[in-house]
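In what follows, a structure is listed as structure tokens, so that the remarks can point back to it.
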Amino acid sequence: MQLSNSEPNERQCTRAALLKGKTGSMITGLWAARRYGLRRLPEPRLVHLLAPASREVTSVGFVLIERTTRLPNPTFRNGVPLAPVVRAVLDGVRRLRDIDAIRALLAEAVQRGYARLEDLIEELNLGSQRGSALPRRALREMVGGARSVAEIDATTVWEMAGLPQALWNVKVFDSDGVHVATPDAWCEEVALAWEIDSKEFHLSPADYARTLERNARYAAAGVVVVQTLPSRLRTEPAAVAAELRAAYEAAKARPRPAVHLR
Numbered sequence: 005m006q007l008s009n010s011e012p013n014e015r016q017c018t019r020a021a022l023l024k025g026k027t028g029s030m031i032t033g034l035w036a037a038r039r040y041g042l043r044r045l046p047e048p049r050l051v052h053l054l055a056p057a058s059r060e061v062t063s064v065g066f067v068l069i070e071r072t073t074r075l076p077n078p079t080f081r082n083g084v085p086l087a088p089v090v091r092a093v094l095d096g097v098r099r100l101r102d103i104d105a106i107r108a109l110l111a112e113a114v115q116r117g118y119a120r121l122e123d124l125i126e127e128l129n130l131g132s133q134r135g136s137a138l139p140r141r142a143l144r145e146m147v148g149g150a151r152s153v154a155e156i157d158a159t160t161v162w163e164m165a166g167l168p169q170a171l172w173n174v175k176v177f178d179s180d181g182v183h184v185a186t187p188d189a190w191c192e193e194v195a196l197a198w199e200i201d202s203k204e205f206h207l208s209p210a211d212y213a214r215t216l217e218r219n220a221r222y223a224a225a226g227v228v229v230v231q232t233l234p235s236r237l238r239t240e241p242a243a244v245a246a247e248l249r250a251a252y253e254a255a256k257a258r259p260r261p262a263v264h265l266r
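Take the sequence shown: its letters are residues 5 to 266, numbered as in our numbering.
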């Protein structure tokens, strides 16, 4: 029983939701995703709970109860039963209406190793089709190679530049077979790399040092590289497209270096 008039904290909300759902229920959606450690998600307003379809329970207050015949085996974190991370993420994004928020959470789940792309696709196909259109669109984009919101925006800018079709997230090797880099976009015709550089989207505090090392490898291999901040893809798309065209012409004018894909 809560004796004060203050708002219940996360632990109290979680406990109250599980008491409402009773035995066999578990936390899912954004609330569970946050407990797993995922960060690129909207602040969850409701505790999303899965409960057996046979149970006569309904949503109330801050508790959203979803009765299901596909009740998974829970994963326990600090004694709290959570839906498996793939299920939790999909249950969360099915209730979002912002495509960028959906892209961001799905991309983070894949980039940080919480979920495999194929498992997300399988779960989306097996689960409820209500609210599945936008997540399906985002996963389709990820299958095409773009794994972050920034890279998805980049596909639009690349098309605006009118350049040959880009390859996304392919591994580039030098003439000795040494891995140079895995650029966000690659133009095989002229060995042009495009990197969307921001730790906001790549999530690791050590990225700056790795970026410097990567650029040194590009230079040694003779690869022309364009670096773009993610914010410019939306605020200055025409300018970025012009920079890509200029870099393409510069790359085309020099002998193509002996780099290859594998």
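Glycine included, C-beta positions come from ideal geometry on N, C-alpha and C. Just so you know, these numbers come straight off a predicted model, no measurement behind them.
Got a sec? Which residues, its chain only, sit under 6 Å from residue i by beta carbon, not counting five neighbours each side?
| i | result |
| --- | --- |
| R260 | A195 |
| M5 | Only weak support exists for where M5 lies, its pLDDT of 42 falling under 50; the coordinates are left without a value. |
Quick check on the DSSP output: the beta strand (DSSP E) that includes residue i runs from which residue to which?
| i | result |
| --- | --- |
| V67 | 67 to 72 |
| Q231 | 228 to 232 |
How many Å lie between residue i and residue j at the Cα?
| i | j | result |
| --- | --- | --- |
| R218 | E70 | 47 Å |
| E155 | R19 | 39 Å |
| R140 | S235 | 25 Å |
| V61 | K24 | 8 Å |
| Q16 | S29 | 16 Å |
| H206 | Q133 | Bear in mind that the predicted position of H206 carries a pLDDT of just 47, short of 50, making it too unreliable to give a figure here. |
| D211 | R74 | 40 Å |
| A242 | G166 | 11 Å |
| R258 | P88 | 51 Å |
| A251 | V227 | 11 Å |
| L233 | R59 | 50 Å |
| T215 | A223 | 12 Å |
Between the options, which has its C-alpha nearest residue i's C-alpha?
| i | options | result |
| --- | --- | --- |
| D123 | G135, L138, M146, V161 | M146 |
| V229 | A137, A185, A57 | A185 |
| V182 | E192, G131, D188, H264 | H264 |
| R249 | T239, V176, Q169 | Q169 |
| R52 | E11, L100, S58 | Arg is not the amino acid found at residue 52; the sequence shown has His there. Comparing Cα-Cα distances from H52 to each of E11, L100, S58, the minimum goes to L100. |
| A92 | I31, R44, V176 | I31 |
| Q231 | F66, S63, A158 | A158 |
| N173 | A223, L94, E112, W190 | W190 |
| L171 | R266, E11, A21, L42 | R266 |
| E11 | F177, A119, G65 | G65 |
| R221 | D178, E240, K256 | D178 |
| A197 | W162, G148, D102 | W162 |
Output needed for residue i: all residues of its chain with C-beta closer than 8 Å, excluding positions within five of it in sequence on either side, in chain order.
| i | result |
| --- | --- |
| L143 | L110, L121, L124, I125, L128 |
| L86 | M30, I31, T32, A36, R39, Y40, P78, T79, F80, A92 |
When you compare the CB positions of residue i and residue j, do they come within less than 7 Å of one another, or not?
| i | j | result |
| --- | --- | --- |
| A254 | M164 | no |
| G96 | L34 | yes |
| L50 | L68 | yes |
| A119 | V90 | yes |
State the start and end residues of the unbroken alpha helix (DSSP H) segment that holds residue i.
| i | result |
| --- | --- |
| A224 | 211 to 225 |
Excluding five sequence neighbours on each side, which residues of the same chain lie with their C-beta closer than 7 Å to the C-beta of residue i?
| i | result |
| --- | --- |
| T72 | L54, A57 |
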